[in-house]
Amino acid sequence: MASKTQTALQSKAHDPALDQIIKLAIMAVGGQGGGVLTNWIEDCAHRNGYVVQATSVAGVAQRTGATIYYMEMAPAQERAPVFSLLPAAGDVDILVAAEMMEAGRAIMRGFVTPDRTTLIASSHRALAVSEKTVPGDGIADSEEVIAAAEIAAQRFIAFDMEKMAVDAGSMISASLFGALAGSGALPFERESFEAAIKASGRGVEASLRAFAAGFEAAAGGKIERPQAGQAKLPAANAPAGPKHLVEQWSKLEARAAAMPEAARDMALTGLRAVVDFQDLDYGAEYLDRLEQVLAQDDPAKGHELTREAAKYIAKAMAYDDVFRVADLKTRGSRFARVRTEIAPAKGAQMKLTEFMHPRAEEIVGMMPSGLGRRLSNSQGSMRLIDRLFNKGRRLRTDRLLPFAQLYVLGGLRKYRRGTLRHAIEKEHMEAWLDKAMTYRKIDYALGVETLRNRRLVKGYSDTHARGLSKFDRVMDGVALLAGRDDAAHWCRLLREAALADEKGDQLEGALKTVRSFAGQAETVLQN
Amino acid sequence: MAERSFAKEVQKLKIGEGETFSGEGILALTKALLEAGVGYVGGYQGAPISHLMDVLADAEEILTELGVRYEANASEAAAAAMLAASVHYPIRGAVTFKGPVGVNVASDALANLSSSGVTGGALVIIGEDYGEGSSIMQERSHAFAMKSQMWLLDPRPNLPSIVQSVHQGFELSEASNTPVMLMVRIRSCHVTGSFQARDNKRPPFTVKDALANPRSDYARVVLPPMSYMQEHDKINNRWPAAQKFIVEHKLNEMFGPKEAPVGIVLQGGMYNGVIRALQRLGLADIHGDTEIPLYVLNVTYPLVHDEFFEFCEGKSSVLVVEEGQPEFIEQALGSALFRAGKNISLHGKDMLPMAGEYTGQVMLDGIEAFLKKAAPELLPARLRAPNSEEKPALPDLSKTVPIRPPGFCTGCPERPIFAALKMTEQEFGKHQIAGDIGCHLFASLPPFEIGGSTMGYGLGPASNAAFDGGGEKRSISIIGDGGFWHNGLSSSIGNAVYNKSDGVIVVVDNFYSAATGGQDILSSRADNASKATGHPIADAVRGVGVKWVRQIDRTYDVPKMREILKEALTTDHVGPKVIVASSECMLNRQRREKPLMNKAIKEGRRVEKPRFGVDEDICTGDHACIRLSGCPSLSLKKLDDPLRDDPVASIDQSCVGCGNCGEVADAAVLCPSFFRADVVHNPGWFERTLGSFTSRAIAWLQNRRSRGRIEFVRT
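These protein sequence lines are chains A and B, in that order.
Under my numbering, the first residue of the first sequence is numbered 37, with each subsequent residue one higher.
Under my numbering, the first residue of the second sequence is numbered 48, with each subsequent residue one higher.
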């Protein structure tokens, strides 16, 4: 019976109308206005005589999370088409990604294929929580997504549509809509896109501005690398100040400029940082230290040691203390930067509140080192100081008196060299530098890596203490490794592990491994 | 007021015969209810039908004009119980909630309703939250329909079919005296399209008519011996009546050629996915005209075996496309074929996966596999050959692209609560913490990782009951205001009082049922024209006998939050310690305040707008602040400074100035990098004068210092 019917059936000829279905998916982060964008596209398609079906997922799954909108459209006919409610891998014509990693997610899910997909992505990043919580640098690499997109997409358009929208006083949905229109991926005229925006009736002017910017950029077929940081400004490198100081500076600058080429720029940067932190004498001290390192460097190794020393000695010397914070907070250049960032409207004023929370450690750190050390060794005194000072302080630096408090504190940096904090920092730096130079003698690469371990020391109060403890643990691990061929490699791994999580669990794991082989080796050697 | 307003869209509900309605699935459902002469509607919000509740709320005026009662029920159980009005009275009623979790909650009432049977049509519209975008455990509501014997409709996911199924659902319910579930999936709720409208119909018999003419009949009461009779009535009368109606009114549909060697049986909701797969296989055209016969079950319970056998006639193989597990339909059809001694091979879960959503690829693979086995000659040549196309090798992005689960919004008032809780745990060690349903459950994810379980809506504190006896460290449980009123007051708080719980309960009160879209609840602070709001949670808690209650009216006060948590964890008080932490949901607050603020600025009134910032040269890039926040507006940026290895914190323009950053930096003694900038729009004369004097004085001081030292400037 089955065989009889089989002949009655044939594989149907491919329906050419199916090729007219345009399948469009929007991958966004909850809160980016994907719903608005969907409505605009739908309206625009209707205006062009298309039937459209749009679907979305609303609700809790969307709050700041990855979300997807999907729509299909085809020229209207007598009979309604049957559209899918879900995008399918290998079957998406236009993929709009409202963020770079969402473009990556779309590629991973197979929604971007070289035979059909136009990928329109905003190159900006909205960092996921997992990227931000890493104590080091956990930011995902957009270049990898771009590389994949260039292979996966038939056409790839990417630029920073977020910035474009913000500049136009609008939301990214508007610049994305402009990019979609400008890409020409939809067979509709620009006017019909704009008509959809106008019909939606809210924030029309700003939306049209962002739309136009997106349109122009996409029509130019732009692919723009995401910018790692802020827009590039010329570096603040030019010395300014009284003549005699600038003259002295020039001498220091010449000393730094005399460094080997590989280390020169870093030495200049470092020199500026320490002079900015304290004064010209401090800069000379910095160069003294650096020149000592240089004397022991190996030109055959490209002066890597000196370059890393230039970077990390500067960081160690320009540590973060109360004077430093007070100085930075009260500078005119800082006030100007805040004003640019907040951009108050014309005629508007700005109040500025700083959040300070000094502890006893910071208070005694500002004292002359002898007194400070005595007090910090006495638990009773520390408790008393804590009771007097340890509380959150909010200072309104737009007001004269609170500003003056910080201003005076910032001025006290002149006395910094005599303080307990300075003594502690100096001691720590010298011990670290000594260690690095000792290692350098037996293993150049390990010397370099040891200098780099200084990266672990950062932050304030508890975070600073945690950083110091990680630094110490890594240095202990390095002590076990010194003398091995792979010591530098392991030193780097330990440092990376230390930067991977807050508590140092990964570091603990890495140290265990190091102990398992290096510890044994050590005993063997001792025997 | 809900997150999304349908005030404009609901006007479309008024259109009549001959006009075309276009819009979203949820609006179409509402329109269909009005066309069907519904007498009362209600429900409980939850994705994907939250917006249906919002539409009903926004349409209340239109409903009232028609004599339709709208109730925003306290829970799904309350909503299902409301259908009792259809037991004795010839009134059509409809309620809506999400499935399967809402159905779980409603199951007590639904079982009683099903046993009693109905006179007026009773429709339960279920938003089945299964597959991508779902926020709950993955289960099927199907089992509930079977166990209580309610009929289950699963219409094709397009507006005309959904609308038709509302009409058919009421008719089927009345023809068989059985309540009917109408299931719509996540995407069908928001699918857009259009259909031919009919006139709205006033209910022929209203709830007011019923109050004027009360009825009762003990044969409908679920008590022995009537309950035994009801059980037999289900099988002897209601079941055959339903099957008869389904066949006579052609509720299920058949498509494609009559004669073919193979066929596909599918749930109505799977129709578009199946057609797309067939389109891609070259077996269907754009309109869905298919070469493979389809038997579309718009009614997935009960099944009509004769109809199925008729479909199987002349076929050697049939595929059942049924999403989720267990495969109730496939099992039932298989057993029917076996009992009838039919010789036909039945496929289903052997070709398609047992678990998970039937996405485009899954459907394509499954149907292709079935056809390869059962009728390979139907497939185009290119598909018969293995690996006909080569795909380009793509770099592996799985290690690059970070997961992006949902989380707290910018400025969320719950963030500081959990920041305080995390700091408390840093101080006193890890505690046994139970979560609940709601936005606050995001705290279980990084960066907070607070709470390790969720047992159901309003059951957070109840789920810590085993630890009520106390121990070395107190247990902590979280419950939201939504869950609190849903059933938490009795199941969680009452339970804790009665059992003299030693635990700490944190009630997260954000003034709305926020996770579901900002619907009002009893303790909402906003005035609601038709609902009673403004009933404080703290009063309710005291009312059921909690003696230790602390009310916090600004959750952003992290030090205070911490202090109270500490007090709760250390007090000698016997009995539950309840902290009510209240601050308005920022999404709703912004929606409310932003337009007012902008208007005030335009009108020249003085307005302060706060925003936070980070001093990039003070921030050292350790990201400790982010580990106590996770705010979307608190992000990172890489500085163009060779001395910096790690990106520094940065706050973007989406910051709403909630204060969490500053509070946390202070409370956790993090760092002095944060600042708050309050922009004062339209300052007064005195303020302007003082401001200009101060800024000149400050600039003088700054210049003075600059002149005395070397500084580096941009050129």
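Using N, Cα and C, we set each Cβ at its ideal position, and we do this for glycine too.
**OP:** Can you grab the Cα-Cα spacing for the pair leucine 160 of chain B / asparagine 542 of chain B, in whole Å?
**Re:** 28 Å
Original post:
Does DSSP classify alanine 264 of chain A as helix, strand or coil?
Top reply: With a pLDDT of only 45 at alanine 264 of chain A, under 50, the local geometry of the prediction cannot be trusted, and the value read off the model is given with reservation. Residue state, collapsed to three classes: coil.
**OP:** Find the residues of chain A that neighbour alanine 712 of chain B, judging by a C-beta separation of less than 7 Å, and give them in chain order.
**Re:** Phe391
Subject >> Exposed unless 16 or more other CB atoms sit within 10 angstroms - verdict on glycine 590 of chain B >> reply: exposed
Subject >> For valine 654 of chain B, the nearest candidate out of A:Leu281, A:Gln385, A:Met295, A:Gly218 (CA to CA) >> reply: A:Gln385
Original post:
In chain order, what residues of the same chain have a beta carbon less than 8 Å from the beta carbon of threonine 433 of chain A, not counting five sequence neighbours either side?
Top reply: Lys365, Thr366, Leu388, Thr389, Glu390, Phe439, Leu442
**OP:** For glycine 172 of chain A, go through chain B and note every residue whose CB falls closer than 7 Å to its CB, in chain order.
**Re:** Asp693
**OP:** Out of B:Leu110, B:Ala158, B:Leu113, B:Ile109, state which residue places its alpha-carbon closest to the alpha-carbon of leucine 130 of chain B.
**Re:** B:Ala158
Original post:
When DSSP labels each residue in this structure, what does leucine 341 of chain B get in the three-state scheme?
Top reply: strand
**OP:** Please confirm whether glutamate 180 of chain A and leucine 444 of chain B have their CB atoms less than 8 Å apart.
**Re:** yes
Subject >> Delimiting residues of the alpha helix (DSSP H) encompassing glycine 446 of chain A >> reply: 436–447
Original post:
Does any CB atom of chain B fall closer than 8 Å to the CB of methionine 137 of chain A?
Top reply: yes
**OP:** Answer with yes or no whether the minimum CB distance from alanine 53 of chain A to chain B is below 8 Å.
**Re:** yes
Subject >> Closest Cα partner of valine 553 of chain B within the set B:Gly310, B:Glu179, B:Thr617, B:Val625 >> reply: B:Val625
Original post:
Within the chosen definition, does the region 221–232 of chain A reach the region 284–291 of chain A through at least 3 CB pairs nearer than 8 Å?
Top reply: no
Original post:
How many whole angstroms separate the CB atoms of glycine 89 of chain B and glutamate 118 of chain B, which I take to be in contact at a CB cut-off of 8 Å?
Top reply: 4 Å
**OP:** Check whether the Cβ atoms of leucine 564 of chain A and valine 238 of chain B lie closer than 8 Å to each other.
**Re:** This structure gives no information on residue 564 of chain A, because the portion of chain A shown stretches from 37 to 563.
Original post:
Over what stretch of residues does the alpha helix (DSSP H) that includes lysine 234 of chain A continue unbroken?
Top reply: 226–236
**OP:** Keeping to the same chain, check which residues put their C-beta closer than 7 Å to that of isoleucine 10 of chain B; ignore five residues upstream and five downstream.
**Re:** The structure shown has nothing for residue 10 of chain B, since chain B only spans 48 to 762.
Original post:
Just reading off the alpha helix (DSSP H) that phenylalanine 465 of chain B is part of, what are its end residues?
Top reply: 461–475
Original post:
What residues of chain A sit near tyrosine 670 of chain B, judged by a beta carbon separation below 8 Å?
Top reply: The amino acid occupying residue 670 of chain B in the given sequence is histidine; tyrosine does not appear at that position. Within 8 Å Cβ-Cβ: Lys168, Thr169, Val170, Pro171.
Original post:
Thinking C-beta only, is leucine 683 of chain B closer than 8 Å to cysteine 672 of chain B?
Top reply: no
Original post:
Which one or two residues does DSSP pair with leucine 199 of chain B in a beta bridge?
Top reply: B:Met228, B:Tyr348
Original post:
Cα separation between glycine 763 of chain B and asparagine 511 of chain B?
Top reply: The requested residue 763 of chain B is not part of the displayed model; chain B covers only 48 to 762.
**OP:** For glutamine 314 of chain B, decide whether its Cβ has a neighbour in chain A, counting only Cβ atoms nearer than 8 Å.
**Re:** no
**OP:** For alanine 481 of chain B, collect the residues of the same chain with a Cβ closer than 8 Å to its Cβ; drop the 5 residues on either side in sequence, then sort them by chain order.
**Re:** Gly498, Gly499, Ser500, Thr501, Met502, Gly507, Pro508, Ser510, Asn511, Ser522, Ile523, Ser524, Ile525
Subject >> For serine 364 of chain B, the residue or residues it bridges with in DSSP >> reply: B:Val309, B:Ser392
Original post:
Excluding five sequence neighbours on each side, which residues of the same chain lie with their C-beta closer than 7 Å to the C-beta of glutamate 138 of chain A?
Top reply: Met63, Ala64, Val65, Ala102
**OP:** Report, in whole angstroms, the separation of the C-beta atoms of glycine 408 of chain A and leucine 456 of chain A, which I expect to be a contact under 8 Å.
**Re:** 3 Å
Subject >> Interface positions of the region 720–750 of chain B facing chain A (Cβ-Cβ less than 8 Å), listed along the chain >> reply: Phe721, Phe722, Arg723, Ala724, Asp725, Val726, Val727, His728, Asn729, Pro730, Glu734, Arg735, Gly738, Thr741, Ser742, Ala744, Ile745, Ala746, Leu748, Gln749, Asn750
Subject >> proline 52 of chain A, buried or exposed, once every other Cβ within 10 Å from all chains shown has been counted against 16 >> reply: exposed
**OP:** Grab me the residues of histidine 728 of chain B's own chain with a C-beta within less than 6 Å of its C-beta, minus the 5 sequence neighbours each way, in chain order.
**Re:** Ile648, Val654
Subject >> Contacting residues, own chain, Cβ-Cβ under 7 Å from phenylalanine 385 of chain B (five flanking each side not counted) >> reply: none
**OP:** With 9 Å as the limit, tell me which residues of the region 423–450 of chain A have their beta carbon closer than that to any beta carbon of chain B; keep them in chain order.
**Re:** Asn426, Lys427, Gly428, Arg429, Arg430, Thr433, Asp434, Arg435, Leu436, Phe439, Ala440, Tyr443, Gly446, Gly447
Original post:
Just to confirm, are valine 321 of chain B and valine 368 of chain B a CB contact at a threshold of 8 Å?
Top reply: yes
Original post:
What is the DSSP secondary structure of tyrosine 87 of chain B, counted as helix, strand or coil?
Top reply: strand
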